[in-house]
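Under this note's numbering, the final residue of the sequence shown carries the number 266; numbering is consecutive throughout.
A short write-up of the structure that comes next.
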Amino acid sequence: MKVIYRISDGGNKRDKPYYVNAKTIFSHFLKVFYLHEIYVIADNVSDDTYRFLSSKIDQARIIRTKLSNAGALMFAIDYAIQNFQDSDAVYFAEDDYAYTKNAPGIIEEGLSLAQYSSGYDHPDKYINHNEGGPNPHISQGGELTRVLISKSCHWKLTNSCCMTFATTVRILKEDLEIIRKHCQSSPPADYRMFQELISRGRKLVSPLPSVSTHGENRWLAKFVDWEKEVINYQE
């Protein structure tokens, strides 16, 4: 699985745990994904951040850009289409996610069940919409779904995810028009994008439980000590 990691010094300043910062998370990411071919889209980063990245990964795999959240994502997708094989799995990663040690293999394994795979079982999928939950598909404590099993874990079909996901280059090419449509402004319209893809017959899965989490206090995935995963992980 190829990996394209997007990092920026900009973005929303959310309520995050102390260990979710650019340098700590990138170092953590490299340890978890060390078996994979990693490319970095360094979008609107300072010279200090660029020097840090260069100390961790070959400069030939760092592409410095001045785009936007959506622009950097489309740049990453276009890069994958232009440089990788149709059969290659590609993971598009944002710079504020934490992972379990087995996350890379699990995320890639999800592609045996669906065209799109996320490692993140988002807590908003369990908050009823009529009680303030942001996802309109949630009622009675969850979403209507199907539970599946792969060789390593259980999965559920889910209605959306953030712009951190895995797919293949072939699927990117087939779905490029829809993806581009929802990446015209920042932040990209992830929910609407996946809703349209699903309406066209695509499937998106997330594992039960999570093997990754968005690094925002309110939305940390359940049942994993994420501080321990980030701080105490040893290669």
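In this text, a Cβ means the ideal position worked out from N, Cα and C, and glycines have one as well.
These numbers come from a predicted model, not from an experiment.
Item to check | Close-in-space but distant-in-sequence residues of the same chain around residue 45 (CB under 7 Å, 5 per side omitted) | outcome: Within the sequence shown, numbered from 1, the residue matching residue 45 stands at position 14. Cβ within range, chain order: 247.
Item to check | Same chain only: Cβ atoms within 7 Å of residue 134, ignoring 5 sequence neighbours per side | outcome: As a position in the sequence shown, residue 134 is number 103, starting the count at 1. Within the same chain, residue 134 has close Cβ partners 63, 150, 242 and 243.
Checklist entry - Cα separation between residue 102 and residue 176? => result Indexing the sequence shown from 1 puts residue 102 at position 71. Indexing the sequence shown from 1 puts residue 176 at position 145. One C-alpha to the other measures close to 32 Å.
Next on the checklist: Bridge partners for residue 71 per DSSP, in chain order?
Outcome noted: As a first step, residue 71 is located in the sequence shown; it is residue number 40 there, counting from the start. Bridge partners of residue 71: 36 and 93.
Item to check | Residue interval of the beta strand (DSSP E) (run including residue 244) | outcome: As a first step, residue 244 must be located in the sequence shown, where it is residue number 213. Element bounds for residue 244: 243 to 245.
Checklist entry - With a CB to CB cut of under 7 Å and the five nearest residues on each side skipped, what residues in its chain are close to residue 216? => result Numbered from its first residue, the sequence shown carries residue 216 at position 185. For residue 216, where only same-chain residues beyond five positions count, the Cβ hits under 7 Å are 101.
Checklist entry - Exposed or buried, which one is residue 160 when buried takes at least 16 other CB atoms within 10 Å? => result Looking up residue 160 in the sequence shown gives position 129. Answer is exposed; the Cβ neighbour count stays below 16.
Item to check | Reference residue 187, options 163, 57, 237 and 206, closest by Cα | outcome: Mapped onto the sequence shown, residue 187 falls at position 156. Closest option to residue 187, Cα to Cα, is 237.
Item to check | Where residue 191 falls: helix, strand or coil (DSSP) | outcome: Along the sequence shown, read from residue 1 onward, the residue named residue 191 stands at position 160. It is coil, neither helix nor strand.
Checklist entry - For the candidate residues 70, 172, 137 and 169, whose alpha-carbon lies nearest to that of residue 126? => result Counting from one through the sequence shown, the residue named residue 126 turns up at place 95. Looking at the Cα atoms, 70 is the closest of the given residues.
Checklist entry - Buried or exposed: where does residue 178 fall if 16 or more other Cβ atoms within 10 Å of its Cβ makes it buried? => result For the purposes of this step, residue 178 is taken as the residue at position 147 of the sequence shown. Looking at its Cβ environment, which holds fewer than 16 other Cβ atoms inside 10 Å, residue 178 is exposed.
Next on the checklist: Between residue 221 and residue 193, how many whole angstroms is the CB-CB distance? I'm expecting something under 8 Å.
Outcome noted: As a working note, residue 221 is residue 190 in the sequence shown. As a working note, residue 193 is residue 162 in the sequence shown. Contact flag correct, Cβ pair sits at about 5 Å.
Item to check | residue 181 to residue 115 span [Cα, whole Å] | outcome: The count along the sequence shown starts at 1 and reaches residue 181 at position 150. The count along the sequence shown starts at 1 and reaches residue 115 at position 84. Going by the C-alpha atoms only, they are around 26 Å apart.
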